[in-house]
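If you use the working numbering, the sequence shown corresponds to residues 511 to 716, in order.
All C-beta atoms, glycine included, are put in the ideal place defined by N, C-alpha and C.
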Amino acid sequence: MKNTVSRALIALIVVGGAVSANADVLLDTYAGDAPGFQANGWIVATWQYMSRPFSVTGSYTLDSIELPLGNFNDNTGVYDVSICADNAGVPGTVLESFAVNVTTGNGVVSSYLLNSALNPLLTTGTYYVTATTTDANLNGGWGWNNANNTGDQQFSTDGGGTWNNFNSTDVAVRVMGTSTTVPEPASMAVLGLGALALVRRRRTAK
C-alpha cells in the first residue's frame with residue numbers, strides 16, 4: 511500500500527508539471543476547411559498596417575505566433591510582425607517583433623510559425639498582433655480565415671500613428687503561451703498528508 515500511494519502521488523506531481531509546461535491557446539482564428547486560411551486577406555503595405563487585438567486572462571509567457579502572409583509582388587518582401595501591449599485601445603509598447611521574409615509569388619499565401627525568443631510575460635489584459643512593413647517591395651496581405659468569420663480588427667494608414675477599429679472578415683492568427691501558474695504549496699502539502707495518513711492506517715491494520 512505504501513508503494514502504491516507513493517507512486518500515485520509522484521504521478522500526480524509529474525502530470526501537474528507537464529500540464530503547466532504545455533502551451534495554451536491564447537488566440538486561434540484559423541477556421542473552416544484546411545488549412546484554415548485563404549489567399550484573400552487585408553492588405554499590408556507601407557501605406558497600410560493591420561492589427562488584431564485579443565484578450566488574455568491569467569498569466570502566460572509567449573511561445574509562438576502563427577499567421578498566413580503573402581506578397582503579391584513577384585519578389586522578396588519583409589513583414590514586421592509584433593505583439594504589442596495595450597495603449598488605451600490601440601497597439602502600444604512592442605513586447606517582441608519578428609522579421610518575416612516572404613518569398614511567395616503573386617497570389618500565394620503561406621502560414622508562418624514564429625517562435626518566441628524573448629518569451630514576454632502576458633498578464634490579464636488586451637494585446638495586439640500587428641503586421642507592418644517599411645519594405646517598398648512588399649505589397650502583401652494577411653490572409654483571412656477560411657470560414658469567413660468576422661472579428662474586431664484595426665488598420666492604420668499613417669505608419670501606426672493612429673488606428674481605426676472595424677469589424678469584418680477576420681484574419682487567421684494563432685497565439686500560443688505557457689501558463690506561469692504553479693500548484694499552490696498548501697495543496698501539495700494536503701496531498702502529502704493524505705498519503706501519509708493512508709500509510710499509517712495500513713500499518714495499524716497490520
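- Three or more pairs of CB atoms, one per stretch, sit closer than 8 Å, so the region 542 to 555 contacts the region 674 to 683.
- The secondary-structure analysis by DSSP pairs Ala-609 across a beta bridge with Asp-590.
- Its chain contains Val-639, Gln-663, Val-681, Val-683 as the residues whose beta carbon lies nearer than 6 Å to that of Arg-562, once the 5 sequence neighbours on both sides are disregarded; these appear in chain order.
- In terms of Cα proximity to Gly-669, the closest of Asp-645, Leu-628, Asn-659 is Asp-645.
- With contact defined as three or more Cβ pairs closer than 8 Å, the region 653 to 660 and the region 586 to 596 are not in contact.
- When beta bridges are read from the DSSP output, Pro-601 appears opposite Asp-596.
- It is roughly 12 Å from the alpha-carbon of Gly-580 to the alpha-carbon of Thr-643.
- If one requires a minimum length of 3 residues, the beta strand (DSSP E) runs lying completely within the region 529 to 563 are 533 to 538, 547 to 554, in chain order.
- Around the CB of Gly-650, 16 or more other CB atoms lie within 10 Å, so the residue is classed as buried.
- Beyond the five residues adjoining it in sequence on each side, Val-604 comes within less than 6 Å, by CB distance, of Ser-592, Cys-594 in the same chain, given in chain order.
- The beta-carbon separation of Leu-536 and Gly-687, rounded to 5 Å, stays under the 8 Å limit for a contact.
- Taking Met-560 as the centre and dropping the five residues before and after it, the same chain places the C-beta of Trp-552, Val-554, Ala-641, Trp-652, Phe-665 closer than 6 Å to its C-beta, in chain order.
- In the DSSP assignment, Asp-662 falls within the beta strand (DSSP E) that extends over 660 to 666.
- By the criterion of a C-beta distance shorter than 6 Å, Pro-601 is surrounded in its chain by Ser-561, Cys-594, Tyr-638, Thr-640, once the five residues flanking it on both sides are discounted.
- Beta-carbon to beta-carbon, Ser-574 and Ser-626 are separated by about 6 Å, close enough to satisfy the 8 Å threshold.
- The beta-bridge partner set that DSSP reports for Thr-688 consists of Ala-533, Thr-571.
- Residues Thr-688 of the same chain have their beta carbon placed closer than 8 Å to that of Asn-532, with the five preceding and five following residues left out of the count.
- Under DSSP, Ser-621 shares a beta bridge with Pro-578.
- Residue environment: Leu-572 is assigned as buried (16 or more neighbouring CB atoms within 10 Å of its CB, all protein chains considered).
- When the beta-carbon positions are compared, Glu-606 and Pro-578 stay at least 9 Å from each other.
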